[in-house]
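Peer 1: Line order of the protein sequences matches chains A and B. Position in the first sequence (from 1) plus 207 gives the number in the numbering used here. Position in the second sequence (from 1) plus 207 gives the number in the numbering used here. In this text, a Cβ means the ideal position worked out from N, Cα and C, and glycines have one as well. Just so we're clear, the structure is a prediction, and the values are computed from it rather than from any experiment. Once you've had a glance at the structure underneath, I'll fire off some questions.
Protein chains: 2
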Amino acid sequence: MRLLRVVAVLAALTGLCLTAAAQSSLRGTGDLGIVIERADGSVCIVDTSARSILSCVDGLGDLSHASAVFSPDQRYAYVFGRDGGLTKVDLLERRIAKRVIQAGNSIGGAISDDGKLVAVSNYKPGGVKVFDARTLEPVADIPAFYGTAGERSKTVGLVDAPGRRFIFTLYDAGEIWMADFSGPGKPEISKLGRAGELPYDALITGDGRHYIAGLFGEDGLAHIDLWNTPVKITRVLDGYGKGEAKLPVYKMPHLEGWALAGGRFILPAVGRSELLALDAATFKEAGRVKVHGQPVFAIARPDGRQVWVNFAHPLNDTIQVVDVPSLKIVHEFKPGPAILHMEFTPRGHEVWVSVRDADKVEIYDARTFEKRGELKMRKPSGVFFTARSNRIGL
Amino acid sequence: MRLLRVVAVLAALTGLCLTAAAQSSLRGTGDLGIVIERADGSVCIVDTSARSILSCVDGLGDLSHASAVFSPDQRYAYVFGRDGGLTKVDLLERRIAKRVIQAGNSIGGAISDDGKLVAVSNYKPGGVKVFDARTLEPVADIPAFYGTAGERSKTVGLVDAPGRRFIFTLYDAGEIWMADFSGPGKPEISKLGRAGELPYDALITGDGRHYIAGLFGEDGLAHIDLWNTPVKITRVLDGYGKGEAKLPVYKMPHLEGWALAGGRFILPAVGRSELLALDAATFKEAGRVKVHGQPVFAIARPDGRQVWVNFAHPLNDTIQVVDVPSLKIVHEFKPGPAILHMEFTPRGHEVWVSVRDADKVEIYDARTFEKRGELKMRKPSGVFFTARSNRIGL
Chain A
208 MRLLRVVAVL AALTGLCLTA AAQSSLRGTG DLGIVIERAD GSVCIVDTSA
258 RSILSCVDGL GDLSHASAVF SPDQRYAYVF GRDGGLTKVD LLERRIAKRV
308 IQAGNSIGGA ISDDGKLVAV SNYKPGGVKV FDARTLEPVA DIPAFYGTAG
358 ERSKTVGLVD APGRRFIFTL YDAGEIWMAD FSGPGKPEIS KLGRAGELPY
408 DALITGDGRH YIAGLFGEDG LAHIDLWNTP VKITRVLDGY GKGEAKLPVY
458 KMPHLEGWAL AGGRFILPAV GRSELLALDA ATFKEAGRVK VHGQPVFAIA
508 RPDGRQVWVN FAHPLNDTIQ VVDVPSLKIV HEFKPGPAIL HMEFTPRGHE
558 VWVSVRDADK VEIYDARTFE KRGELKMRKP SGVFFTARSN RIGL
Chain B
208 MRLLRVVAVL AALTGLCLTA AAQSSLRGTG DLGIVIERAD GSVCIVDTSA
258 RSILSCVDGL GDLSHASAVF SPDQRYAYVF GRDGGLTKVD LLERRIAKRV
308 IQAGNSIGGA ISDDGKLVAV SNYKPGGVKV FDARTLEPVA DIPAFYGTAG
358 ERSKTVGLVD APGRRFIFTL YDAGEIWMAD FSGPGKPEIS KLGRAGELPY
408 DALITGDGRH YIAGLFGEDG LAHIDLWNTP VKITRVLDGY GKGEAKLPVY
458 KMPHLEGWAL AGGRFILPAV GRSELLALDA ATFKEAGRVK VHGQPVFAIA
508 RPDGRQVWVN FAHPLNDTIQ VVDVPSLKIV HEFKPGPAIL HMEFTPRGHE
558 VWVSVRDADK VEIYDARTFE KRGELKMRKP SGVFFTARSN RIGL
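See the structure below:
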C-alpha cells in the first residue's frame, strides 16, 4: 500500500514537474544573440537584457570568418563558416539542430524575406547555394560562371531583397546578379551588369531599395536603385582616392545595412584612413571623415545620429564615434586589443563590442559611453542579435 | 519488487517527460502577435509563420479602443485598454501575467528603449503614468495640467524616444511635452511648445528623430526635429484644407511610425478623402492622393514602396494600395465589412487585415495581393506583431 502511495505521489509529481519545467524553461527570443568564438568553432548564446551568456555551443568548425542570420521566430541562428559549414543553431535548446558542409570555402549568407530559404555565398566553388531553412535540404545551386574558360568567381555581398529574392556580387567577375525565387520551380537568375574592378562586399538598405557594392580594384562604389526598372548599376564616389597611393590593406572593410544614418551613407574607404559620406537622396559625396586608421566596420546607431567605427590592425584597439550631421568625431576610446565587431541593441540603448585579444565582450551605454558590462569569451569576433531577423538585408 | 520496478520506471519517465515537455513547449517569440477582440475583452495570440491562432486570453476589460507594445524579449505584450486597464500578457504561457487599472479612460502607451518602463497616455485623469515594465509598479505620474484653472488635458500621441525618453501631446492644451527618465530620481519634464489646435495623434519616425502631430482644430501638422537643440516645433502643411469645408469626421485618422515611405511621409488628412505626402528631407508638400473615403490608417509596407490605406465608416470595406513614387493607386480590394487595421510582417512579405464585421482576420501576400489565409476571431480590431519591440516608436 505504501508503495502504491509512492507511485501515486510520483505520478502527481510528474504532472507538477511537467508544468513547472515547461514554465521555467520558457523564455522569449527577441533579446537573444550569438557571439562567435572564432578560434574554437564555438558560438556563445547571449541574453542582451540580462547581459549574460546562456551557453556556448561547440562543433561549428572553422569560424575564423563567420556571419549569421536568424529565423523569423528568432529561435534559430544560421551560422556561415569559412570552411563552407552551414550550421542551424537552436538558441532555446542551446545545441546544433542541423549542420551541413555545403562548399569548400564560404564567406556569408542571407535568409529570404519569408524566412523559408537560406542562401550561402561561396568562394570555392564560386557561386551561391540555397537551402530550405527548416531542413537545410538543398533547393538551388547557382554557379558563378564567368568569362569564356568556365571559371567560377568568388561570391560576396549576398543579401536578401523583398519578394523572395537574393542579390549577390561576383568578386572576380566584377558583376552583380539577382536570383528570384518568387515563382514556382527554378529561380530566375538575372545578371544585372558590371559593378567594376573586384567588388569585395555589398549592403542593401533596410527598405530593400538600394544595393551598394564597394570596389577593391578601383576607387568607387556601384549602386543599384531596385525601384528602377529596368534595374541598372551606376557608379558613385568615382575616383574617391584622388589618385593618391593607397595604403596596404591588411583587412578589408565590411559593408552592412547599418551604413545609412541621418540621410547619409557613411562608408569605409578602402586603403585610406577615411570614411566616405554619401547623400542618400542624390548619391553625391557629402563629405569625408579622417579617422584613426583604416576602418573595418562603420555601424550606425539605430537612431542614425552616430556611426561607431573600428579599425584594421595594428590600430585595432580603438573605437571612434562620429556625429553624423557634423561628420565630427565626438568620442574615442580603447576597449582593448583587437576590436573585431560591434552590435547595437535594436532600439539602440546599448552596444556590444568584441575585444578578441582580451577574450572578452564589453557592453556600453550607447549614449553616455559608460561601460555596463563585460563577458568572458574565447577570442570573440562577430556579435549578432536576433533582432536582425526583422530587418531586410540582415 | 514489482512495485519498485514501477516506481523506477515512473521516475525514469518523469525524467524523460521533463525533457520532452520542456522541449515540446519551446518556441520562438519573434513571429508572434496579438489581435484584439474588441467586444470581448480578449486578445488572440497568433503565430505569423503558421498563420494560426495559438490561444485567446480573456479578462482584458474594455478593449473597444486598444493598442499594444512588446517587451524586448518579445515574450510579453502590454495592452492598453479604453477603461484605463494596463495588462501584461505572457505570450508563451498564454495568460495574463499582471493587470492594473491605472486610470479611468486611456488611449495608448509606449515602452522605453531599454524596455524597462511602460508609459500610458490617459484621457481621464489627463496625463501620463509610467510603470515598471516587469512588475507594473508605478514609477511616475505626470498630470497634464494646463491653463489657469487646474484643468488636465487628455494626452495622445505618446511615443518612446531614444535615451529613455517619452514624448506626448496634450489634446486640449495643444502642447507637446517630453519626459526624460535617463537620469536618477524623478523624470525631467520639458514643455516643448505649442503644437496648434487640438493635436489628436502623433508619430515618431523609426530613427527616433522626427515627431509629427496631426491637428484636428486646424489644417496642418506640427513637426519637431529632435536632433535640433534647442528643440522647437514648426508647422508643416499649414492650411492644407485650402479653406474648403471639412467633411464630418466620424473616425479620426491614426498616425503611426509606418508613415515614412520612400523618402516621403504619407499621412491621412483630417476631414478630407485624401492622403498628404510630405518630403521627408524638406518637410514641404510633395503631393496628394485622392482616396476612396476618409483615411484612418496609412501604413507603409516595410520596403516603403507602397502604402496601404483603410477608411472610415461607411466606406470601411475597402483597402487601397498607393505606389509611393508615383502617388497613384495601384490596387483596390474589398476584404469585407469594417476593416479596422492592417499589420505587415517585419520584412514585409505578408499583411494581416482585421475585418471586424465578418469576424475574421485575412492574410495577404503583400506583393501579389493573393489571399494566403483567414482566421476566425470575434470582432477583431488591432493587429500587433512582436517585431514592434525592435523599433523605436512602436
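At 7 Å on the CB atoms, spell out the chain C contacts of A:His538, in chain order.
Peer 2: Judged by its chain identifiers, the structure shown contains no chain C, and its protein chains are A and B.
Peer 1: Would DSSP call B:Arg302 helix, strand or coil?
Peer 2: Strand, per DSSP.
Peer 1: On a CA-only basis, which of B:Ala351, B:Asp530, B:Pro532 and B:Phe591 is nearest B:Trp384? Give me that one, please.
Peer 2: Per the Cα distances, B:Ala351.
Peer 1: If we define contact as Cβ-Cβ less than 8 Å, is A:Glu300 a contact residue for chain B?
Peer 2: True, the Cβ-Cβ gap to chain B drops below 8 Å.
Peer 1: Express the C-alpha separation of B:Val346 and B:Ile396 in angstroms, rounding to a whole number.
Peer 2: Going from the Cα of B:Ile396 to the Cα of B:Val346 covers about 14 Å.
Peer 1: Can you tell me which residues form a DSSP beta bridge with A:Ser313?
Peer 2: Partner(s): A:Asn329.
Peer 1: Any beta-carbon of chain A closer than 8 Å to the one on B:Gln309?
Peer 2: So no, B:Gln309 is outside the interface.
Peer 1: List, in chain order, every chain A residue whose beta-carbon is nearer than 7 Å to that of B:Val213.
Peer 2: Going along chain A in sequence order, the residues near B:Val213 (Cβ under 7 Å) are Val214.
Peer 1: Between the C-alpha atoms of A:Gln309 and A:Gly291, what's the straight-line distance to the nearest angstrom?
Peer 2: Each residue's Cα considered, the two are about 5 Å apart.
Peer 1: Could you tell me the distance, in whole angstroms, from the CA atom of B:Ser249 to the CA atom of A:Val560?
Peer 2: Cα-Cα distance, rounded: 42 Å.
Peer 1: Name the two residues that bound the continuous beta strand (DSSP E) containing B:Ile599.
Peer 2: No beta strand (DSSP E) contains B:Ile599, which DSSP labels as neither H nor E.
Peer 1: Look at B:Met459 and B:Ile506 and say whether their C-beta atoms are less than 8 Å apart.
Peer 2: No, Cβ-Cβ distance for B:Met459 and B:Ile506 is not below 8 Å.
Peer 1: With distance defined between alpha-carbon atoms, name the residue in B:Gly354, B:Ser232, B:Val568 and B:Arg442 nearest to B:Arg579.
Peer 2: Ranking the options by Cα distance to B:Arg579, first place goes to B:Val568.
Peer 1: As an exercise, report each continuous beta strand (DSSP E) stretch of at least 3 residues that is fully enclosed by the stretch 234-286 of chain B, in chain order.
Peer 2: The qualifying runs are 239-244, 249-254, 259-264 and 273-277.
Peer 1: What are the residues of the stretch 340-351 of chain A that lie near chain B, defined by any Cβ-Cβ distance shorter than 8 Å?
Peer 2: The stretch 340-351 of chain A vs chain B, Cβ under 8 Å: nothing.
Peer 1: Give the residues from the stretch 407-434 of chain A that approach chain B closer than 7 Å (Cβ to any Cβ), ordered along the chain.
Peer 2: Listed in sequence order: Asp414, Gly415, Arg416 and Trp434.
Peer 1: Can you tell me which of A:Arg598, A:Ser278, A:Val528 and A:Arg508 puts its alpha carbon nearest to the alpha carbon of A:Thr342?
Peer 2: When each option's Cα is compared against that of A:Thr342, the closest is A:Ser278.
Peer 1: In whole angstroms, what separates the C-alpha of A:Gly390 from that of A:Arg595?
Peer 2: About 26 Å.
Peer 1: Would you identify the three-state DSSP class for B:Val216, choosing helix, strand or coil?
Peer 2: The answer is helix: DSSP assigns B:Val216 an H, G or I state.
Peer 1: Is there at least one Cβ from chain B nearer than 8 Å to A:Ser232's Cβ?
Peer 2: So yes, A:Ser232 belongs to the interface.
Peer 1: According to DSSP, B:Gln513 sits in a beta bridge with which residue or residues?
Peer 2: Beta-bridge pairing links B:Gln513 to B:Asp530.
Peer 1: Quick check on DSSP: helix, strand or coil for A:Arg495?
Peer 2: In the structure shown, A:Arg495 sits in a strand (DSSP, three-state: E or B).
Peer 1: On the CB-based measure, 16 or more other CB atoms within 10 Å of its CB, does A:Asp238 come out buried or exposed?
Peer 2: Buried.
Peer 1: Shorter than 8 Å from the beta carbon of B:Ile599 to some beta carbon of chain A?
Peer 2: Yes, B:Ile599 counts as interfacial toward chain A.
Peer 1: What distance in whole Å lies between the Cβ atoms of A:Gly464 and A:Arg598, which are believed to be in contact at a cut-off of 8 Å?
Peer 2: 7 Å between Cβ atoms; contact.
Peer 1: Please list, in chain order, the chain B residues whose beta carbon lies closer than 8 Å to that of A:Arg282.
Peer 2: Those within 8 Å of A:Arg282 in chain B are Leu233, Arg234, Gly235 and Gly237.
Peer 1: With distance defined between alpha-carbon atoms, name the residue in B:Pro509, B:Lys586 and B:Phe375 nearest to B:Gly543.
Peer 2: If we check each option's Cα against that of B:Gly543, B:Lys586 comes out closest.
Peer 1: With 8 Å set as the bound, which would you pick, yes or no: does the beta-carbon of A:Gly580 sit closer than that to a beta-carbon of chain B?
Peer 2: So, not an interface residue.
Peer 1: Helix or strand or just coil, what does DSSP make of A:Thr593?
Peer 2: Correct three-state label for A:Thr593: helix.
Peer 1: Suppose the cutoff is 6 Å on Cβ atoms and the five residues either side in sequence are ignored; what does the same chain contact list for A:Lys336 look like?
Peer 2: Here the set comprises Gln309, Val327 and Asp348.
Peer 1: Does any C-beta atom of chain A lie closer than 8 Å to the C-beta of B:Ala218?
Peer 2: Yes, B:Ala218 counts as interfacial toward chain A.
Peer 1: Using a C-beta cutoff of 8 Å, does B:Ser256 count as contacting chain A?
Peer 2: Yes, because at least one Cβ of chain A sits closer than 8 Å to the Cβ of B:Ser256.
Peer 1: I'd like to know whether the C-beta of B:Leu210 is nearer than 8 Å to at least one C-beta of chain A.
Peer 2: With 8 Å as the cut-off, B:Leu210 counts as an interface residue toward chain A.
Peer 1: Quick one: using the 10 Å Cβ neighbour count with 16 as the cut-off for buried, is B:Arg471 buried or exposed?
Peer 2: The residue is buried, with at least 16 neighbouring Cβ atoms inside 10 Å.
Peer 1: Since B:Thr593 meets chain A, which of its residues come closer than 7 Å, beta carbon to beta carbon?
Peer 2: In chain order: Gly237.
Peer 1: Would you say B:Gly555 reaches chain A, if we count a Cβ-Cβ gap shorter than 8 Å as a contact?
Peer 2: Yes, its Cβ sits closer than 8 Å to a Cβ of chain A.
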